[in-house]
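Per the working numbering, residue 3 is the first one in the sequence shown, and the count goes up by one each step.
Glycine included, C-beta positions come from ideal geometry on N, C-alpha and C.
Below is one structure, written out as structure tokens, with a few remarks after it.
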Amino acid sequence: MQTRFQGKVALVTGAASGIGLAIAQRLASEGASVVAVDVQRDRVVECAEAIMATGGKALAVQADVTRREDIERYVKAATDAYGGIDCFFNNAGILGEVGPFIDCPDELFDRVMAVNVKAAWLGMKLVAPVMIRGGGGAIVNTASVAGLRASPGLLAYSVSKHAVVGMTRSAAVELAPHKVRVNAICPAPIDTPMGQLLGEGFNPDNPMAFRERMHARIPLARYGSAQEVAALAAFLCSADASYINGGLYTVDGGSTA
Ligand SMILES: NC(=O)c1ccc[n+]([C@@H]2O[C@H](COP(=O)([O-])OP(=O)(O)OC[C@H]3O[C@@H](n4cnc5c(N)ncnc54)[C@H](O)[C@@H]3O)[C@@H](O)[C@H]2O)c1
3 MQTRFQGKVA LVTGAASGIG LAIAQRLASE GASVVAVDVQ RDRVVECAEA IMATGGKALA
63 VQADVTRRED IERYVKAATD AYGGIDCFFN NAGILGEVGP FIDCPDELFD RVMAVNVKAA
123 WLGMKLVAPV MIRGGGGAIV NTASVAGLRA SPGLLAYSVS KHAVVGMTRS AAVELAPHKV
183 RVNAICPAPI DTPMGQLLGE GFNPDNPMAF RERMHARIPL ARYGSAQEVA ALAAFLCSAD
243 ASYINGGLYT VDGGSTA
């Protein structure tokens, strides 16, 4: 068993599914006490129970990250249970709907901003003081390749992930004097429920056809797995990445190369 995170506390949002679930499992398998946060109560409880069943330490918190009081509650749950927060994987997100932006309802744009931007910002805002009090920490935000380049059909999502890139860079500089590092990961399509939604959104009659089109554009010719993203995020959270700050790291099979 690896022990990079022995004695460390890791907070993971979006831990009920996909990338967040893989990261919660990865960090726990390397010794972290994990606080798993998600709006899906049963599934986030399952995440924590599965970790505990393999001898790890975990706590589930059902929370809607768009609600300030829920963020305050998950931060308090972490500090009450484990005394601090060393790593924050700020990952909960939604895709919104696929389609031309001129048809996007105003409310949908606002919803994507609320989950992907404001909740991520507020999460950092409320977690960083705990890390500062504890002498430092590492924050990893989940952006996307959609935060680095055009994403026609996904304009609101793309705006939100460009914002995550901006908040990562600015927070990294502001928090560096406090020994809190902030980085972002930028995945291309990953094999998760959100990855499936992409295919269904772009080609409702034949989602597999969309996937095959994407494979043709990715040098490694496949979607990534949540575990491959988790490996990068775990590295960025770890002491192995002690001089890495304010960076954007693609995990995309070469698709932005
Ligand atoms: N899958 C991909 O292709 C891909 C690519 C690039 C970036 N991303 C990003 O990775 C992150 C994780 O996505 P995923 O692929 O694992 O998707 P997913 O849908 O499998 O998981 C997202 C999780 O976030 C949770 N969530 C959503 N809104 C929430 C809220 N208001 N409060 C609390 N939890 C909430 C969901 O319940 C779900 O468990 C997202 O930020 C996403 O934008 C995904």
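I need the boundaries of the alpha helix (DSSP H) containing alanine 49, first residue and last residue. According to the sequence shown, residue 49 is cysteine rather than alanine. DSSP places cysteine 49 in the uninterrupted alpha helix (DSSP H) bounded by 43-55.
How far does the alpha helix (DSSP H) with proline 189 in it reach, from first residue to last? For proline 189, no alpha helix (DSSP H) run applies; the uninterrupted beta strand (DSSP E) run containing it begins and ends at 182-189, by DSSP.
For the segment 4-14 against the segment 76-96, do three or more pairs of beta-carbon atoms, one drawn from each stretch, fall closer than 8 Å, so that the two count as touching? Here the segment 4-14 makes contact with the segment 76-96; the two share three or more CB pairs at distances below 8 Å.
Quick one: grab the DSSP three-state call for glycine 22. Residue state, collapsed to three classes: helix.
Does the separation of the CB atoms of phenylalanine 7 and serine 227 fall below 8 Å? In this structure, the beta-carbon distance from phenylalanine 7 to serine 227 does not fall below 8 Å.
Could you tell me if serine 146 is buried or exposed, where buried requires 16 or more neighbouring beta carbons within 10 angstroms of its beta carbon? Buried, by the Cβ-count rule.
For the candidate residues Gly248, Gly255 and Gln198, whose alpha-carbon lies nearest to that of alanine 218? It is Gly255.
DSSP state of glutamine 64 mapped onto helix, strand, coil: The answer is strand: DSSP assigns glutamine 64 an E or B state.
For the beta strand (DSSP E) containing aspartate 112, list its first residue and its last residue. DSSP places aspartate 112 outside any beta strand (DSSP E); the residue lies instead in the alpha helix (DSSP H), whose first and last residues are 108-115.
Are the beta-carbon atoms belonging to serine 19 and proline 195 less than 8 Å from one another? Using a Cβ distance threshold of 8 Å, serine 19 and proline 195 count as a contacting pair.
Are there any heavy atoms of ligand 1 lying less than 7 Å away from the beta-carbon of threonine 68, as far as the coordinates show? Checking the Cβ of threonine 68 against ligand 1 gives yes.
Considering only their Cβ atoms, is the gap separating valine 36 from isoleucine 53 smaller than 8 Å? Contact flag set, yes.
Is it right to say alanine 222 is buried, meaning 16 or more other beta carbons lie within 10 angstroms of its own, or is it exposed? The sequence shown places leucine at residue 222, rather than the alanine named in the question. Leucine 222 counts as exposed, since fewer than 16 other beta carbons sit within 10 angstroms of its beta carbon.
First and last residue of the alpha helix (DSSP H) that includes serine 172? First-last of the alpha helix (DSSP H) with serine 172: 157-177.
Could you check the C-alpha separation between leucine 110 and arginine 43 for me, to the nearest Å? Going by C-alpha positions, leucine 110 is about 24 Å away from arginine 43.
Does the beta-carbon distance from glycine 203 to valine 100 come in below 8 Å? Cβ atoms of glycine 203 and valine 100: closer than 8 Å.
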